[in-house]
Every structure is written in C-alpha cells, then in structure tokens.
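Student: Just so you know, the sequences run in chain order A and B.
Its first residue numbered 1, the first sequence is counted upward by one per residue in this note's numbering.
Its first residue numbered 1001, the second sequence is counted upward by one per residue in this note's numbering.
Using N, Cα and C, we set each Cβ at its ideal position, and we do this for glycine too.
Here the structure is a predicted model, which means the values were calculated and not measured.
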Amino acid sequence: MQTFLMALLQFFIILIISPFIVGLMQKTKSLVRGSVGPCVFQPYFNILKLMQKEVVLSNQSSYISIIAPYIVAVVPITVAGFLPVFDSNTLMSFSGDIIAMVYILALGTFFLALFGFDQGSSFGGLGSSREMTVASLAEPAFIMVIFTFALQSNSTNISHIFDSMRGDIFFNYPVSSTLALMALYFVTLAEAGRIPIDNPETHLELTMIHEAMILDASGRNLALLEIGSFVKTTIFLTLFSNIFMPLGFYDTNTIWTIGFSIFIYFIKMSTLGVIIAIGELTLAKLRYFRISDAMMFGFVLALISMVTYRL
Amino acid sequence: MFSDFIELIGAFVLVLAILQITSDRLYFSIKVYAIQSFFVSISILSIGIYSSSFDLYVSSFLTLVIKTFIIPYALFKTIDEMKIKREIKAFVNITNSLLVISAIIIFTFLLTRYINIGGSVIAKEIFPISLSIIFIGAFIMVSRQKPITQLIGFLTLENGIMLVATSVTYGMPLIVEIGIFFDVIVGATMASLIIHHINHDIDDMDATSLSDFKE
C-alpha cells in the first residue's frame, strides 16, 4: 500500500510540475531579454481557460481530430507512470522498460502528426512532415544513449538504471558518460522542440514545427495538446536530471526524506530549465536543413559513448 | 577520483573537437577553438597539481594566454580585415565528415587498447582521446578548402599533441614547451599573412585555386 502511494505521489508530481517548468523557461528568457514576461504560473491559467472554451473543428476533419488530442495527452501521462522521481517504485515499475517508454512516446508523436494532417490546412501538413523528420532523426541518437546506460547498468528497467546511476557509474566511466550527456541534451532539445531545432514562441510559417501542427486546434483540444507537450518536456528533463544529477533519490520512506527529495527534484528541474532557457538565448535557430547535421552530431556522440564504454 | 576529473575534461575537449567538424561558420569555429584551448589548459593545470610540477603551471598559463586569447583574437582580426564570407567550403559534407570521424575515433580507441605505455599513466583514457583529437585535426586540414579552416585544423591537432604530451609523460621540459608555443604563434602569424596574400592576389579565399598557378 505504501509503495502504491509513493508511486501515485511521484506520478502526480510530474504532472503538477510540468506547466511550471515551461513557464519558468519563458520567464527566464523574458527576464534575460530585459522584459517582464508572463507570470511563471501562466501555463496553468492558459490550460484552465482553454478547458472552458468550446472546440471548433474544420469541416474537412475526420474522427482523427476528435480522438488524436486525447491520445497525445494520455501517452506522455502514461509514460510519466514509468518514471521514477525519487523512489524506485513507480506505477508501472513491473513493466518499466525504458525501450517501451521511448516507443510509447513515439505513438504520441505519430498521432500529433496525424492531427496536423487531418485539419486539411497546408500549415498542418507542413508541420507534420517536419515533425516526423525531426523525430526520425532524433530517435537513433536517443535509443543509442539508452543502450549506453542499459549496458552500464546491465538492465533496461528505468528504476534499476536510476538506482545504479546513484552509485558511482558517472565517475567510473567519465568519458562515456560525458558524451552520452551531450547526446541526450541534443535529443532533449529536439524532442521538446526547443530553440536550435524548433522555436516554441514563434508563429512564423517558415520556422515553426510544433506550432504549425496545433495551429488549427482550439479550446479543449488545444489544452490537451499543450498538456501533452508540457508533460513530454518534463519527462525528458526528469530523465536527464535523474541520470546526470542523481541527487535526492532515496529508498528510505520517512516523511522528511520524501519532502527533502521532492525539494531536491524541484531544484534540479528548475536549474535544468534555466540552463536550457539560457542556452536558447545564446543560440540561433538552425536552418531546417541543418537539423540533420545537429542530430547526426548527437548520434555520433552517442555511438562513440557506447563504443568507448565497451572497449 | 582525480584521474576521473582529468578524463572528464579530456572528454569535453573531444566533444569540442567533434563540434569543430560540424561548424560551417568561421566565427563559430574560432570560438570553439578558444573554448577547447581553455579546457586543455584546465587539463594541464590539473595534471600539474597532481604531479606538483612547476613547469606544467607555466605551460597551463601559457596555453590560457596564447591559445585562448591571443590566437583567436588574431584570427578574428584577420577575418574582419579580409571580409571573408562566413560559409566554410568543404570537400566532404558535414554528415559524412561526422561518420568518418566516428570511425576514426572508434578505431583510435580500439588501437590504443593494444598499446602498452610503460610507467605510471595519470589518466588512461586521455591517451586515445588526444590521439583522436590529433586525427580529427588532420582530417579538418585535408577536408576543408579555405586556408583559415585548415589553420584551425592545425591548431586543433596541436591541442591534441599538447594533451597527449602532458598526460602521458608528465609534461615535456619547459624549454621544449616554450619552443612549441613559439612555433604555434609563428605558425599562426605566418598563416594569417599568407591568407592575406592569397586573398589579395587572387581575390578569393580558396586554397584549391592555388593549383591554377601551375606553369
């Protein structure tokens, strides 16, 4: 019973923190640029407001437009059930295989692309085709990073990988881990649609990828798609922070350690959000045809990381 | 623990060398080179602290001053004077270069497993890393068309040599290192002069057009 409650707590922490992280990134970027920017909690208000509005669908759209937003929102939420935040027991730790996690996430990307196509507008199709290109380029790098950690910890179970990261794997294989860190950073940027790959702020038709797909969504549908993207970003950041900053990951379950590890998790995620936001400010968005080079860079780093571990 | 830290720094140097391959802007290449030299100087400094040798402190300081500030400044100045176009032309495109580089690095790591280095080595992984950086520098030199990127390839190669010299042998004698720094400075100055002349004489920054001067 206690493990189930812990699992439920971790699950809800990921869901609750996810709009905050995105809001924090926006706020950081505004502050560094010298403007005030929206409140950190603005994404929560946006979701609440959108939930109350009615859905307007194009008369060209089919049943895909009705079911796709729900699938896009539910898939990352399901994956959040796989992911340990501060305890090894998760909602789906009995089946918590990290490769399954990667491909369940791909299901969400697939339905998002279908939703873009289904609107019958040219922007949606454009965004979908770009999104599928980026996703298919990011996937080999991501799965290669996953294989590196699976080899290092002799398991594909997420809880087990995080547990062994809490040991001294990072300092046992510093070269391999550093290269994997860099590769995972690139994959995170690509999958979360951050700046060198995609600009989450703009609605300029030449550059947008994620925004182009959800351009025709409205009301509740838009809120669901936004939730999906927030939770997906948070999942990648959680993965990143728990592998490379394995602090605050305990197995003792007193109320103090739980509170303390939630606090540490919050600090880790905020730090990572601020780092990514500042990274975004210093970089320019890559030209679309340069994305393959960036993803190739990530893939090569991940490949070398795996090989240097085995050699 | 200490050797792990040195290997960590070495890994950053390797990542920056791979990043050098992906750049198609001259400004970006020079910035990457400056950051890479900074990491090399940290690495030399930490080996110096580990083996408490005064020569390595001097060497680290010289690396910091010359390679992180003076040479990038000179290169930036050269670019500004030349008004060179920012794109880098390459014989091999970036994606293929990355594939070649990954093969080279894997081969280097495989190769160094069969080499026994006598004596006590501070950080075992630094040797294949710096060997890879040397090969990457050589690859940049042969695969790029413009002299200034070829120069950056040479400087990357030199960083790799610096790294392998300090990590495997606890540093060379100070007089040799000062000689190497002098060499690098003179090399960079000469190269920028030659680049200036190429630019002035044939109105182009392309080393391939030099073959038109055949009799």
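I need the straight-line Cα distance from Tyr-103 (chain A) to Ile-77 (chain A), nearest angstrom please.
Tutor: Rounded to whole angstroms, Tyr-103 (chain A) to Ile-77 (chain A) spans 14 Å at the Cα level.
Student: Compare the C-beta of Ile-304 (chain A) against all C-beta atoms of chain B and say whether one is closer than 8 Å.
Tutor: It does; some Cβ of chain B falls within 8 Å.
Student: Is there a Cβ of chain B sitting closer than 8 Å to that of Phe-289 (chain A), yes or no?
Tutor: Chain B contact via Cβ: absent.
Student: For Asn-1116 (chain B), report the span of its alpha helix (DSSP H) as first-last.
Tutor: Looking at the DSSP string, Asn-1116 (chain B) is not in any alpha helix (DSSP H), and its letter there is neither H nor E.
Student: Assign Ala-1138 (chain B) to one of three DSSP states: helix, strand, or coil.
Tutor: The answer is helix: DSSP assigns Ala-1138 (chain B) an H, G or I state.
Student: Is the CB of Ile-1106 (chain B) under 8 Å away from at least one CB in chain A?
Tutor: Answer yes: the Cβ-Cβ gap between Ile-1106 (chain B) and chain A drops below 8 Å somewhere.
Student: Taking C-beta pairs closer than 8 Å, name the residues in chain A that Gly-1010 (chain B) reaches, listed in chain order.
Tutor: The answer, in chain order, is Val-175.
Student: Using a cut-off of 7 Å between C-beta atoms, extract the partners of Met-182 (chain A) located in chain B.
Tutor: The contacting residues are Val-1015.
Student: Going by DSSP, which residues form a beta bridge with Asp-97 (chain A)?
Tutor: Answer is A:Asn-157, bridged to Asp-97 (chain A).
Student: DSSP three-state call for Ala-113 (chain A): helix, strand or coil?
Tutor: Reduced to three states, the DSSP call for Ala-113 (chain A) is helix.
Student: On a Cα-Cα basis, can you pick out the residue from B:Gly-1048, B:Phe-1139, B:Ile-1148 that is closest to Leu-1163 (chain B)?
Tutor: When only C-alpha atoms are compared, the closest one is B:Gly-1048.
Student: Name the DSSP bridge partner or partners of Ala-1090 (chain B)?
Tutor: BP columns for Ala-1090 (chain B) point to B:Arg-1144.
Student: From Thr-1063 (chain B) to Ala-1011 (chain B), what distance separates their C-alpha atoms?
Tutor: Thr-1063 (chain B) and Ala-1011 (chain B): Cα-Cα distance of roughly 18 Å.
Student: Start and end of the alpha helix (DSSP H) containing Lys-49 (chain A)?
Tutor: Taken as a continuous stretch (DSSP letters only), the alpha helix (DSSP H) holding Lys-49 (chain A) covers 42-51.
Student: Please list the terminal residues of the continuous alpha helix (DSSP H) segment that includes Ala-217 (chain A).
Tutor: Here Ala-217 (chain A) belongs to no alpha helix (DSSP H), and DSSP marks it neither H nor E.
Student: Does the beta carbon of Phe-11 (chain A) sit closer than 8 Å to a beta carbon anywhere in chain B?
Tutor: Not closer than 8 Å to any Cβ of chain B, the Cβ of Phe-11 (chain A) fails to qualify, so no.
Student: So, at 6 Å on beta carbons, what are the nonlocal neighbours of Ala-217 (chain A) in its own chain, with the 5 sequence-adjacent residues on each side left out?
Tutor: Cβ within range, chain order: Leu-225.
Student: Quick one: list the residues of chain B neighbouring Ser-292 (chain A), beta-carbon separation under 8 Å, in chain order.
Tutor: Residues of chain B passing the Cβ test: Thr-1095.
Student: Does the beta carbon of Val-134 (chain A) sit closer than 8 Å to a beta carbon anywhere in chain B?
Tutor: No, no contact with chain B.
Student: List, in order along the chain, the chain A residues whose C-beta lies closer than 9 Å to that of Glu-1177 (chain B)?
Tutor: Here the premise fails: no neighbours, minimum Cβ distance about 25 Å.
Student: Do you know how far the Cα of Phe-230 (chain A) is from the Cα of Ile-21 (chain A)?
Tutor: Each residue's Cα considered, the two are about 8 Å apart.
Student: Can you confirm whether Ile-1044 (chain B), when its beta carbon is compared against all beta carbons of chain A, has any partner nearer than 8 Å?
Tutor: No, Ile-1044 (chain B) does not count as interfacial toward chain A.
Student: Is Gln-1145 (chain B) closer than 8 Å to Ala-1090 (chain B) when the C-beta atoms are compared?
Tutor: Yes; because the gap between Cβ atoms is below 8 Å, this pair is in contact.
Student: Go to Asp-1080 (chain B), then tell me how far its alpha helix (DSSP H) extends in each direction, as first and last residue.
Tutor: Counting along the chain, the alpha helix (DSSP H) containing Asp-1080 (chain B) begins and ends at 1071-1082.
Student: Start and end of the alpha helix (DSSP H) containing Ile-1066 (chain B)?
Tutor: First-last for Ile-1066 (chain B): undefined, no H or E at that position.
Student: Go ahead and pull the three-state DSSP assignment for Met-1162 (chain B).
Tutor: The answer is helix: DSSP assigns Met-1162 (chain B) an H, G or I state.
Student: Would you be able to state if there are at least three C-beta pairs under 8 Å between the stretch 75-93 of chain A and the stretch 260-275 of chain A?
Tutor: Touching, per the Cβ criterion.
Student: Since Met-148 (chain A) meets chain B, which of its residues come closer than 7 Å, beta carbon to beta carbon?
Tutor: A small fix is needed here, since residue 148 (chain A) is Thr in this sequence, not Met. Result: empty, since nearest Cβ-Cβ is about 13 Å, beyond 7 Å.
Student: If you scan the stretch 179-247 of chain A from start to end, which runs of the beta strand (DSSP E) of 3 or more residues do you find wholly inside it?
Tutor: If we require 3 residues or more, the stretch 179-247 of chain A turns out to have no beta strand (DSSP E) run fully inside it.
Student: Check whether chain B comes within 8 Å of Phe-4 (chain A), counting only Cβ atoms and requiring the distance to be less than that.
Tutor: False, the Cβ-Cβ gap to chain B never drops below 8 Å.
Student: When DSSP labels each residue in this structure, what does Ser-86 (chain A) get in the three-state scheme?
Tutor: It should be pointed out that residue 86 (chain A) corresponds to Phe in this sequence rather than to Ser. It is coil, neither helix nor strand.
Student: Taking C-beta pairs closer than 7 Å, name the residues in chain A that Phe-1109 (chain B) reaches, listed in chain order.
Tutor: The contacting residues are Val-307, Thr-308, Leu-311.
Student: Go through its chain and collect everything with a Cβ distance to Ser-1046 (chain B)'s Cβ below 8 Å, but skip five positions before and after it.
Tutor: Here the set comprises Phe-1002, Phe-1005, Ile-1006, Ile-1009.
Student: Per DSSP, what kind of secondary structure is Arg-287 (chain A) in: helix, strand or coil?
Tutor: If DSSP states are grouped into helix, strand and coil, Arg-287 (chain A) belongs with coil.
Student: Cα-Cα, which of A:Leu-15, A:Leu-114, A:Gly-34, A:Ser-122 is closest to Tyr-63 (chain A)?
Tutor: For the residues A:Leu-15, A:Leu-114, A:Gly-34, A:Ser-122, the minimum Cα distance to Tyr-63 (chain A) belongs to A:Leu-114.
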